[in-house]
């Protein structure tokens, strides 16, 4: 390493002095980031590639550290078109729901206090009756995600015993959630029946024995098997369970609480339809089609729910006051046969292509002419997925802005454009397809349009 080059690199103390006393986070954190930045310049000096002078390096490190010490969790403009985007936290939460939750949770909250009697209450009391009323069940429990809900229900109802499941329902969902693995971790013995594409009722009947504790039905929400297929209906399975006195657990996954086809969306089986089949327990996600926070919901018959709630694992998996408050407010957006506009996920999913086109045209009119020409911006019809494995069979109509470039290095130019959009103070995340960049409007909130217009014009 050149001594001369090394001397141009400022010390940690110099950078701290430059940053001043009003540090945004813990000093140890900032020192760690400073050292990381200094290390980059040391490596350049080591390879004799360090060209900047001390003052320039100091300014560069100060600017980098200021960016690095900003909160890494940011509000994002989702231009992918996927409303229930797992990487963006799945179901987005609406402003009014959040405002109501903030009012409740500022300071203290009666999470486990019965204000009528003054005695200790139950945190589930804030949700159980709402869940029961909406789903037409005896009650409900929530835990931290649907994998936890399935694990808890399996462990409670079938620990050290056999769980029967069709091979066609041994699904894998993103993040390495596999039904066989969950059954194993629940300390149950998995018994597979049928084949990938065909399972008959007799397949279940043949393997039922005195050690059979549960029949498991899994909604294959993220894929579809077509052609020469046969499956046992949930109603048939529930009737078999009733005859054999074996409970049936239905893992629905997506958690639709309204008939989506009534609102211009692809049809999806609802929780209420599953309840009518007569199963003992149903599990589903709170942050998919329901539109709430990350959670796993368990509804069903009291006999099963009481056992599940008394399982010591429930305490390890239960939700805190924030999730309970968010879920309560989300459930309150559901009316008799509809859901209010305060449920942001449902509102975005139900926004028509016509409405999106009108928004796109207004947005387009406010983009600078030079920017339109530079990137040959067009308004195009598009189709999107709901996301998170929900509604996998059919696409949803949408509208997108298409950006394209010309000449050599088109792909590189488009990738650089995408990076510029992503790395702004208010990030915009679109997608690249066939050397073109797209910002789809399906998942963009109406109040985000001014910022999107500003970003397009500046980037």
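Residue numbers (my numbering): 36 to 494.
Note that the Cβ used here is the ideal one computed from N, Cα and C, for glycine as well.
| Asked | Found |
| --- | --- |
| Sub-8 Å separation of residue 292 and residue 328 beta-carbons | no |
| Alpha helix (DSSP H) runs contained entirely in the segment 253-307, provided each spans 4 or more residues | 269-279 |
| Contained beta strand (DSSP E) runs [length at least 3] in the segment 360-412, N- to C-terminal order | none |
| Beta-carbon gap between residue 308 and residue 165 smaller than 8 Å | no |
| Coil, strand or helix - residue 120 by DSSP | coil |
| Environment of residue 289 [buried if 16+ CB atoms lie within 10 Å] | buried |
| DSSP three-state assignment for residue 249, whether helix, strand or coil | strand |
| Spatial distance of residue 136 from residue 357 (CA atoms) | 8 Å |
| Pair within 8 Å by beta-carbon distance, residue 234 and residue 266 | yes |
| Option nearest residue 280 by Cα separation, candidates 311, 422, 192 and 303 | 192 |
| Secondary structure of residue 98, DSSP reduced to three states | helix |
| Sub-8 Å separation of residue 452 and residue 472 beta-carbons | yes |
| Where residue 435 falls: helix, strand or coil (DSSP) | strand |
| Residue burial classification, residue 36 (beta-carbon count within 10 angstroms, cutoff 16) | Here residue 36 scores only 46 on pLDDT, less than 50, and its place in the model should not be relied on; the value that follows carries that caveat. When all chains shown are included, residue 36 counts as exposed. |
| Exposed unless 16 or more other CB atoms sit within 10 angstroms - verdict on residue 52 | exposed |
| Residue span of the beta strand (DSSP E) that contains residue 55, given as start and end | No beta strand (DSSP E) contains residue 55, which DSSP labels as neither H nor E. |
| Any C-beta of chain D under 8 Å from that of residue 285 | Protein chains in the displayed structure number just one, and chain D is not present. |
| C-alpha gap between residue 380 and residue 365, whole angstroms | 10 Å |
| Test item: CB-CB of residue 354 and residue 330 under 8 Å | yes |
| Unbroken beta strand (DSSP E) run spanning residue 320, endpoints | 316-320 |
| Residue 43 vs residue 73 beta-carbon contact at 8 Å | no |
| Rounded separation between residue 400 and residue 142 - CA only | 46 Å |
| Nearest neighbour of residue 112, chosen from 162, 203 and 475 [CA to CA] | 475 |
| Neighbour-count burial assignment, residue 409, 16 or more Cβ in a 10 Å radius | exposed |
| CA nearest to the CA of residue 373, picked from 245, 297 and 154 | 297 |
| Pairwise C-alpha distance: residue 494 and residue 422 | 28 Å |
| Pair within 8 Å by beta-carbon distance, residue 287 and residue 250 | no |
| Three or more C-beta pairs below 8 Å linking the segment 210-222 and the segment 176-192 | yes |
| Residue 419 and residue 129 closer than 8 Å at C-beta | no |
| Through-space distance from residue 85 to residue 79, alpha-carbon basis | 5 Å |
| Unbroken alpha helix (DSSP H) run spanning residue 69, endpoints | 62-81 |
| Extent of the continuous beta strand (DSSP E) to which residue 447 belongs | It is not in any beta strand (DSSP E) - residue 447 instead sits in the alpha helix (DSSP H) that spans 445-457. |
| CA nearest to the CA of residue 477, picked from 284, 412 and 432 | 432 |
| Residues near residue 310 in its chain [Cβ-Cβ closer than 7 Å; skip 5 each side] | 170, 171, 172 and 317 |
| Own chain, CB closer than 6 Å to residue 224, minus 5 neighbours either side, in chain order | 197 |
| beta-carbon residue 348 near the ligand COA non-hydrogen atom, thresh 7 Å | Ligands are entirely absent from the displayed structure, and the ligand COA is therefore not among its contents. |
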